[in-house]
Amino acid sequence: MLDLTQYASPLVAAILILSLSLLIPRLRKRHLPYPPGPSRLPIIGNLLDMPSDQAWLTYQKWSDDFGSDIIHVDVMGSHMIVLNSAKGTGELLDKRSSIYSDRPRMTALDLVGFTEFHHGVYPYGDRWRRMRHVFLSNFHPTTFRSSETRAAGRLLRNLLFTPENFAEHLKHMTGQVVLSIAYGIDARSEHDPYLIAAEKMADAVDLGSTLEARLLDMIPWLIYLPSWFPGLSTKRKARKIRSSILNTLETPYAVVKAAVASGTAGTSVAAKMISQLDVNSTQEEIWNSKAIPGLLHLVGADTTVSALHTFILAMTLYSEVQRKGQAEIDSVTGGSRIPDFSDQEALPYVSAILKELLRWHPVGPLGVPHRVMQDDVYEGYFIPAGSIIIPNVWAILRDPVAFPEPDRFYPERWLSPDAPTFPDHVWGYGRRVCQGRSMAQDVIWVGITSILATFNITAVEGKPPKGAYTSDMISSPEPFVTHITPRSDAAADLIHLTAKTT
């Protein structure tokens, strides 16, 4: 029989050395301070400091007050790290993406069913990788530019007849695009039931951006309290939204599935994915064919409609920018047609307007949160594993060093030789960057170019917009009034001509 006693001491020593080698670095990290932040109270930490409205402004102020681009908040033992600089997001979310690519649990979005089909909020892992690969394999943005151009033409017609309803017309345009891409459905009416159903998802996303929802994420045991408990209205609201969202995934999918079976399906992401299924397809493959079109349908329009709404606001407030954009378009088209995607390179100022829209008021002022998977150190500060990481996109894109006069809408800043190529912070970071960003940029570009080519946007006398924005996860301008009129009789004729072909 083998005598193991002769190996005991070396084995114990080896285990001890290995344990210490793993433990000592962690102990050293724990002796480092947390990043600066507001003073914490016993037990509840910073619970009472959490902002309820436009949190990005509070986080930016804390960054200024503490002289640090990284801020630490503790809510009853849960840690949140806010990154207020491009340096911080670049170092942690991009360069160290191997440990910063997880998502925290987003309780409100989970309750409404959002996390069942949106791989953008899946935990980091194999399921997320597979879904991401399937999405990229079946979604080719330039394939659908004709749908975007057609929707822009209808937008112009609607603005011509009822310009005061511009906010609804923008929703209709972006909703048309995503329905066409996802399912091949042509939603001509603003009252189309599929478009109305998609608005339920906007309600769900907004629900996830409230202070109550953020506290549910940071104090997980709150979810076990009854929904009638004060401050837990999120649970009640989520139940009302959940069934309608999951039903919305089923109905258009069933229509396309029947069309594929009969050989009458048009071009769409759903049709392509359904046609790839066979008797050997796994349950995951079948679910993906339903989830990915559903993702495009239910969340694909939010960011684009917010950006286009900001465009109308910016043109109302900055008439000189509008005139420059119109002059550039006229120099390319001669006023005889509406620009198309082949004109993009010839319209650098219009492209600069698009970039400035996304910088001036980013559609998501606080980026989608990340979660760090292991202890880390940044700038001498300890970041514990499991911390929620919040990129403050607003603060980054309002940095006065990178963007002088940050409150000013100034497209020229993107035309200088040393200008950044794009406000990429809008679309996320590292391995979690938005995969639909190219489509979103195309929709915004064709929308603003078509409007500039044909309409003048001017402030209503005595009623200048205040420029206020909502506090939602996807932040949009508060309602305002503006004048939208054809640039000329020829422009109105051009709109009518375009309408006949759309």
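To convert, note that position 400 of the sequence shown is 404 in this note's numbering; the numbers rise steadily by one, no gaps.
Every residue gets a Cβ at the ideal spot worked out from N, C-alpha and C, and that includes glycine.
It should be emphasised that the depicted structure is a prediction, and the values quoted were computed from it without experimental measurement.
| Asked | Found |
| --- | --- |
| At least three beta-carbon pairs within less than 8 angstroms, the region 104-113 to the region 205-223 | yes |
| Touch test, the region 374-381 against the region 92-110, Cβ-Cβ under 8 angstroms, three pairs minimum | yes |
| Distance between beta carbons of proline 415 and tyrosine 353, contact taken as under 8 angstroms | 6 angstroms |
| Separation of serine 285 from alanine 59, as counted between CA atoms | 45 angstroms |
| The region 447-455 touching the region 148-161, judged by at least three CB pairs closer than 8 angstroms | yes |
| Exposure label - glycine 304; buried when at least 16 CB within 10 Å | buried |
| Three-state class that DSSP yields for proline 490 in the structure shown | strand |
| Residue-level contact to chain C via CB, valine 125, 7 angstroms cutoff | The chain labelled as chain C is not found in the depicted structure, where only one protein chain is given. |
| Minimum C-alpha distance to proline 373 - residue among Ser231, Met222 and Thr486 | Met222 |
| Beta-carbon spacing of serine 248, arginine 240 below 7 angstroms | no |
| Cut-off 8 angstroms between Cβ atoms - residues of its own chain near leucine 281, not counting five sequence neighbours on either side | Glu289, Ile290 and Ser293 |
| Cβ neighbour criterion (16 or more within 10 Å) applied to proline 343 | buried |
| Separation of isoleucine 400 from aspartate 68, as counted between CA atoms | 12 angstroms |
| Beta-carbon proximity check, isoleucine 74 vs leucine 87, cutoff 7 angstroms | yes |
| Pairwise C-alpha distance: threonine 153 and proline 468 | 31 angstroms |
| Cα-Cα separation between arginine 491 and phenylalanine 139, rounded to whole angstroms | 41 angstroms |
| Cβ pair count under 8 angstroms reaching 3, the region 121-137 against the region 256-268 | no |
| Three-way DSSP call (helix, strand, coil) for glycine 49 in this model | strand |
| Alpha helix (DSSP H) runs contained entirely in the region 363-437, provided each spans 4 or more residues | 397-401 |
| Enclosing alpha helix (DSSP H) for valine 450 [first to last residue] | 441-458 |
| Supposed close pair glycine 64, tryptophan 398 - CB separation, criterion 8 angstroms | The question names glycine, but residue 64 in the sequence shown is glutamine. Contact holds; Cβ gap of about 7 angstroms. |
| Of the residues Gly270, Pro37, Asp78 and Pro39, the one placed nearest aspartate 53, counting alpha carbons only | Asp78 |
| Nearest neighbour of leucine 361, chosen from Leu321, Ile189, Thr337 and Glu332 [CA to CA] | Leu321 |
| Assigned secondary structure, valine 485 (DSSP; H/G/I helix, E/B strand, else coil) | coil |
| Cβ-Cβ separation, proline 37 to tyrosine 385 (assumed contact under 8 angstroms), whole Å | 6 angstroms |
| Backbone CA spacing between isoleucine 185 and alanine 275 [nearest angstrom] | 10 angstroms |
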